[in-house]
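Reading through the structure tokens given below for one structure.
Number of protein chains: 2
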Amino acid sequence: MSGGLGPTGMVHRHRNIQGGTARAAVFGVSDGLVSNVALILGIAGASTDPTIVRVAGVTGLMAGAISMAAGEYVSLKAQAELVERELAIERTSIAENPEAETAELAAIYVERGLAPEQAKVVAAELMSDPEVALDVHAREELGVDPTQLGSPLAAATVSFLAFALGSFVPLIPWLGGSGTGAVWASALLGVGATATVGGMLARLTERSVVRTAIRQMLVAGGSCVATYLIGGILGASVG
Amino acid sequence: MSGGLGPTGMVHRHRNIQGGTARAAVFGVSDGLVSNVALILGIAGASTDPTIVRVAGVTGLMAGAISMAAGEYVSLKAQAELVERELAIERTSIAENPEAETAELAAIYVERGLAPEQAKVVAAELMSDPEVALDVHAREELGVDPTQLGSPLAAATVSFLAFALGSFVPLIPWLGGSGTGAVWASALLGVGATATVGGMLARLTERSVVRTAIRQMLVAGGSCVATYLIGGILGASVG
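Line order of the protein sequences matches chains A and B. Heads up, the first sequence is in the numbering used here, so the first residue is 7 and it goes up one at a time. Heads up, the second sequence is in the numbering used here, so the first residue is 7 and it goes up one at a time.
What follows is the structure, given as structure tokens:
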């Protein structure tokens with residue numbers, strides 16, 4: 007690590023972690039795996055016809071990928087609009103109530119260890135430019151960087167591809183196979199892919215590969231077992 | 007609005023928008039609606055047996071709600087661990103490289119309009135307490151409030167309930183009905199519920215109800231139509 011400032015003015019590099027695409031990718035691939043393993047095993051528990059399993063699996067892949075992308079888009083758009091609404095409230099308050107907002111900022115700096123007089127001077131200077139004032143208040147009160155609210159469209163695209171990838175894995179055995187063998191192959195491929203996702207996550211977060219992979223498999227496996235049992239009960243009750 | 011500080015020390019109240027539960031609720035209910043309308047219409051396009059539609063719909067509800075909750079949990083956990091990793095990098099850098107980190111902070115304050123000498127003094131004082139230094143650097147460099155990283159478990163619970171609610175709506179006509187009538191009823195209930203979600207979102211974000219409801223319906227409707235067509239093509243191709 008360099009002792010001075012690098013060309014970007016930063017001492018070290020940070021990954022962009024708040025945009026939401028990393029979360030969307032993890033969500034998409036995990037959800038694709040879990041929901042299509044669960045759907046395929048659920049349908050296989052209720053019907054012995056492999057054609058129905060295949061149709062349900064491909065429909066589940068497409069329906070899931072499309073709806074995940076749509077869900078990411080509308081929910082991140084809604085979240086961005088909620089943040090923008092809070093920023094608008096902040097902007098109005100800074101314009102209409104500058105003294106109270108300056109006092110609020112000064113109080114935050116006193117809490118952080120600045121002398122009261124100095125905190126007042128700093129707060130007043132930061133408040134003198136309305137855009138700087140909004141940026142500072144957003145970071146301090148909302149805990150957001152107003153210039154990095156993330157892209158709903160990018161997250162939706164990542165989500166679609168990740169879900170399609172994840173949900174294709176348990177479908178592979180049914181492209182040519184059927185019956186108990188295909189059920190087991192779907193389940194095992196699901197477990198293997200889930201462990202792989204866990205291992206990759208652990209590398210990114212620099213945590214224990216074994217612990218992260220086990221957590222990922224426990225959550226995914228629990229989901230699949232629960233849904234398989236529900237599918238079996240439903241299949242038995244409706245014929 | 008009061009002219010002074012309220013009992014919380016804040017000039018005005020902000021909603022907690024970064025925890026992720028609002029996003030998870032919107033995502034869950036939208037995805038539940040879209041994916042189960044799409045699954046039900048997709049299966050109905052491939053098979054005329056209402057029992058299969060019913061089993062697929064209930065399995066889709068349970069599989070989707072469980073896998074959404076699991077996906078929210080693992081992805082928010084992964085995001086929190088990514089943030090914690092960046093915070094650990096920051097903590098190490100503050101400990102090992104305090105002068106460069108102080109200069110970095112001072113440069114940020116100069117950019118915001120403080121005099122260089124004053125910026126240096128403020129940066130040095132904020133850096134004197136390691137916890138304050140970490141908090142300030144997290145807000146300035148990462149755009150995160152390290153005390154508000156959100157609860158993966160809360161988001162997962164909200165997601166489960168929201169998805170179950172959303173995906174139950176298009177299933178209602180199939181509890182007693184079947185055929186073209188039930189297909190239309192599912193589609194219309196889906197449209198009505200989607201418009202309602204859009205209207206509620208618009209109230210929260212204080213935007214146009216009509217525009218938000220139309221956006222919500224266009225995204226959801228486009229998803230459903232695409233999946234229905236895919237289901238029809240698949241149904242025709244596999245028999």
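We put the CB at the ideal spot given by N, CA and C, even for glycine. Predicted, not measured: the structure shown is a model, and the values here were computed from it.
Legend entry - Arg209(A): contacting residues in chain B (beta-carbon distance under 8 Å): Residues of chain B passing the Cβ test: none, with the nearest at roughly 11 Å.
Inset, instruction - Compare the beta carbon distance of Gln154(A) and Gly149(B) with 7 Å and say whether it is the shorter of the two. - result: Contact flag set, yes.
Legend entry - Minimum Cβ-Cβ distance from Phe33(B) to chain A less than 7 Å: Answer yes: the Cβ-Cβ gap between Phe33(B) and chain A drops below 7 Å somewhere.
Legend entry - Which listed residue (Met223(B), Trp180(B), Glu212(B)) has its alpha carbon closest to that of Thr57(B): Trp180(B)
Legend entry - Presumed contact (8 Å Cβ cut-off) between Gly196(A) and Ala226(A), rounded CB distance: 7 Å
Inset, instruction - Look at the Cβ atom of Val35(A), then the Cβ atom of Ala84(B), and state whether they are nearer than 7 Å. - result: no
Legend entry - One or two residues paired with Val127(A) in a DSSP bridge: Note: Val127(A) sits in no beta bridge, so no partner.
Inset, instruction - Just the chain B side, please: which residues come within less than 7 Å of Val216(A) by C-beta, in chain order? - result: Going along chain B, no residue has its Cβ under 7 Å from Val216(A), so there is no contact; the nearest lies around 15 Å.
Inset, instruction - Give the straight-line distance between the Cα atoms of Ile236(B) and Arg217(B), rounded to the nearest whole angstrom. - result: Going from the Cα of Ile236(B) to the Cα of Arg217(B) covers about 28 Å.
Inset, instruction - Specify, as a first and last residue, the run of the alpha helix (DSSP H) that Ser134(A) falls within. - result: Unbroken run through Ser134(A): none, as it is neither H nor E.
Inset, instruction - For Gly198(A), count neighbouring Cβ atoms within 10 angstroms of its own Cβ and tell me buried if that reaches 16, exposed if not. - result: exposed
Legend entry - Closest Cα partner of Ser134(A) within the set Gly38(B), Arg118(B), Glu92(B), Val164(B): By alpha-carbon distance to Ser134(A), the top candidate from Gly38(B), Arg118(B), Glu92(B), Val164(B) is Arg118(B).
Inset, instruction - Show which residues of chain B have a CB atom less than 7 Å away from the CB atom of Glu131(A). - result: Gly119, Leu120
Legend entry - Within chain A, the residues that Thr163(B) reaches when beta carbons sit closer than 8 Å: Neighbours of Thr163(B) on chain A: none; closest Cβ ~14 Å, over 8 Å.
Legend entry - Supposed close pair Ala188(B), Gly38(B) - CB separation, criterion 8 Å: That pair is no contact at about 18 Å.
Legend entry - Spatial neighbours of Val138(B) in its chain, beta-carbon cut-off 7 Å, leaving aside the 5 residues before and after: Leu132
Legend entry - Proximal residues of chain A, C-beta to C-beta of Met68(B) below 7 Å: Thr233, Ile236
Legend entry - Straight-line Cα distance separating Ala144(B) from Leu93(B): 7 Å
Inset, instruction - Identify which residue in Leu47(A), Leu45(A), Val59(A), Ser73(A) has its Cα closest to the Cα of Ala168(A). - result: Ser73(A)
Inset, instruction - Answer yes or no: does any C-beta atom of chain B fall closer than 7 Å to that of Val80(A)? - result: Interface with chain B (7 Å Cβ-Cβ cutoff): Val80(A) is included.
Legend entry - the region 93-106 of chain B in contact with the region 100-107 of chain A per 3-pair CB rule at 8 Å: no
Legend entry - C-alpha gap between Ala62(A) and Ala30(A), whole angstroms: 24 Å
Legend entry - Any chain B beta carbon closer than 7 Å to Thr65(A): yes
Legend entry - Cβ-Cβ separation, Thr233(B) to Gly48(B) (assumed contact under 8 Å), whole Å: 5 Å
Inset, instruction - Could you name the residues of chain A that Met74(B) contacts, counting a contact when the two beta carbons are closer than 7 Å? - result: Result: Asp37.
Inset, instruction - Could you tell me if Ser214(B) is buried or exposed, where buried requires 16 or more neighbouring beta carbons within 10 angstroms of its beta carbon? - result: It counts as exposed.
Legend entry - Inter-residue Cα distance where the pair is Leu246(B) and Ala109(B): Any property of residue 246(B) remains undetermined from this structure, which presents chain B solely from 7 to 245.
Legend entry - Same chain, Cβ closer than 7 Å to Thr27(A), five either side skipped, listed in chain order: Ala160, Ala161, Val164
Inset, instruction - Determine which residues of the region 86-98 of chain B have a Cβ less than 7 Å from any Cβ of chain A, and write them out in chain order. - result: Glu87, Leu88, Val89, Arg91, Glu92, Ile95
Inset, instruction - Return the chain-ordered list of same chain residues with a C-beta closer than 6 Å to the C-beta of Tyr79(A), the five sequence neighbours on each side being excluded. - result: Pro158, Ala162
Legend entry - Below-7 Å beta-carbon distance, Leu45(A) vs any chain B residue: yes
Inset, instruction - Over the uninterrupted alpha helix (DSSP H) stretch that includes Pro179(B), give me the two end residues. - result: 178-182
Inset, instruction - Report yes if the CB atom of Cys230(A) is closer than 7 Å to the CB atom of Ala44(A), and no otherwise. - result: yes
Inset, instruction - Please check if any C-beta of chain A sits within less than 7 Å of the C-beta of Gly9(B). - result: Residue confidence is low: Gly9(B) scores 39 on pLDDT, short of 50, so the model does not pin down where it sits. Its coordinate-derived value is still stated next. With respect to chain A, the C-beta atom of Gly9(B) has a partner C-beta closer than 7 Å.
Inset, instruction - Kindly say whether Ser184(B), judged by its beta-carbon, lies nearer than 7 Å to any beta-carbon of chain A. - result: no
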